[in-house]
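Adding 73 to a residue's 1-based position in the sequence shown gives its number in this note's numbering. Note that beta-carbon positions come from the ideal geometry of N, C-alpha and C, so glycine has one too. Report on one structure; see the data block that follows.
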Amino acid sequence: MSSVTGSGSAAARAEGATEPVSCKGESVALLLAALVAIDGIRDRDELAVAYKACEKFGATAEEFRAALEQVSADPERHFRNALQLITDPAEREALTSILFEIASIDELSDRRESELLKTIQEVWGVSVSFLN
74 MSSVTGSGSA
84 AARAEGATEP
94 VSCKGESVAL
104 LLAALVAIDG
114 IRDRDELAVA
124 YKACEKFGAT
134 AEEFRAALEQ
144 VSADPERHFR
154 NALQLITDPA
164 EREALTSILF
174 EIASIDELSD
184 RRESELLKTI
194 QEVWGVSVSF
204 LN
């Protein structure tokens with residue numbers, strides 16, 4: 074299977090196509106934005122971790138802000154689609170750690186955040202058995 078490297082944005086690919094792409098830019102922004110947005114509260118500390126993660130993975134602040142707006146109507150769909158765009162095992166491992174950090178920042182167990190994190194197990198095969 075070949076990688077998409079230049080045609081179309083990750084946001085467009087996340088809308089329906091699932092061909093693998095490098096874990097950079099918009100796909101990371103969409104993944105992080107969906108988790109931040111799922112509970113309807115844009116927590117300052119969650120946003121700070123997400124912005125830092127975007128920087129680490131090559132997404133701009135503008136891409137993340139745009140992703141926050143894009144995912145607001147259906148964060149679950151955008152999260153699942155963004156997961157499918159990220160294929161590098163090392164990047165998956167690093168992002169999983171960041172996603173769990175974001176979900177645990179407010180120290181409240183939100184059912185919607187837990188459900189999104191369980192999607193990681195389905196799509197990436199990463200165990201999340203400790204989630205309720």
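For residue i: DSSP bridge partner residues
| i | result |
| --- | --- |
| Ile175 | Answer is none; Ile175 lacks a bridge partner. |
| Ile208 | Residue coverage of the chain in this structure runs from 74 to 205, which leaves residue 208 outside it and unanswerable. |
Whole-number beta carbon distance between residue j and residue i, since they are thought to touch under 8 Å
| i | j | result |
| --- | --- | --- |
| Glu99 | Ala126 | About 14 Å separates the two Cβ atoms, so there is no contact after all. |
| Ile159 | Arg165 | 6 Å |
| Leu156 | Thr192 | 6 Å |
| Val206 | Arg153 | Residue 206 falls outside the range modelled here, since the chain spans only 74 to 205, and no answer is possible. |
| Ala189 | Glu149 | Per the sequence presented here, residue 189 reads as Leu, with Ala not at that position. Confirmed, about 7 Å. |
Residues near residue i in its chain [Cβ-Cβ closer than 8 Å; skip 5 each side]
| i | result |
| --- | --- |
| Glu174 | Val122 |
| Val109 | Arg115, Asp116, Glu119, Leu120, Ala123, Leu141, Ile175 |
| Asp112 | Asp183, Arg185, Glu186 |
| Gln143 | Ala84, Leu103, Ala106, His151 |
| Glu136 | Gly98, Glu99, Ala102, Cys127 |
Coarse secondary structure for residue i, derived from DSSP in three states
| i | result |
| --- | --- |
| Arg132 | According to the sequence shown, residue 132 is Ala rather than Arg. Three-state result, Ala132: coil. |
| Leu189 | helix |
| Ser145 | coil |
| Val201 | coil |
| Thr181 | Here residue 181 is Leu; the residue named in the question, Thr, does not match the sequence. Three-state DSSP puts Leu181 in coil, outside helix and strand. |
Chain-order list of residues whose beta-carbon lies under 6 Å from that of residue i (same chain, five-residue window excluded)
| i | result |
| --- | --- |
| Ser95 | With a pLDDT of 43 at Ser95, under the threshold of 50, the modelled position of that residue is not reliable, and the figure given next carries that caveat. Here the set comprises nothing. |
| Ser145 | Ala110 |
Contacting residues, own chain, Cβ-Cβ under 7 Å from residue i (five flanking each side not counted)
| i | result |
| --- | --- |
| Ser200 | Gln194 |
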